[in-house]
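The numbers in this note's numbering rise by one with no breaks, and the one at position 38 of the sequence shown is 65.
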Amino acid sequence: MSNSLPLETLNQRYQKRLTSLDSEVLNLVKNVEHLEIKLEETKRTLHVKESQIRQLESTISFSERGIAEMEDIFQQKIKAEIEHLTFSRSVESLKRKIKLIEEEKALARSS
28 MSNSLPLETL NQRYQKRLTS LDSEVLNLVK NVEHLEIKLE ETKRTLHVKE
78 SQIRQLESTI SFSERGIAEM EDIFQQKIKA EIEHLTFSRS VESLKRKIKL
128 IEEEKALARS S
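Written as structure tokens, this is what we have:
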């Protein structure tokens, strides 16, 4: 009698081992499939987020251009207001001079 197990017992152990390995492989395949699904979902989410980032960058760029244009318009407005004030004061000053000259002429005629 030898120490070796009968062939039938070896086959059973081999079958159990195969069954165990098959089960492990099946579980690994399921895990891989699950992870691939998650990867695809994540990829779609990433594309959506990248698109949102591009939209925000575009909005920010547009806003920055809009802000720059508004600043330019405000500067032009301030310049126009300063010119208006300057011209208004000049006109008032000239009107006063004209009035003084007319009063001097009137005094000169009456003298």
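All residues carry an ideal CB built from backbone N, CA and C; glycine is no exception.
Residues near residue i in its chain [Cβ-Cβ closer than 6 Å; skip 5 each side]
i, result
"residue 92", "none"
"residue 28", "In this predicted model, residue 28 has a pLDDT of only 47, less than 50, meaning its place in the structure is not dependable; the value taken from the coordinates is given anyway. None."
"residue 94", "none"
C-beta neighbour in chain C for residue i, strict 9 Å
i, result
"residue 63", "Protein chains in the displayed structure number just one, and chain C is not present."
8 Å Cβ shell around residue i - same chain, five flanking residues per side excluded
i, result
"residue 96", "none"
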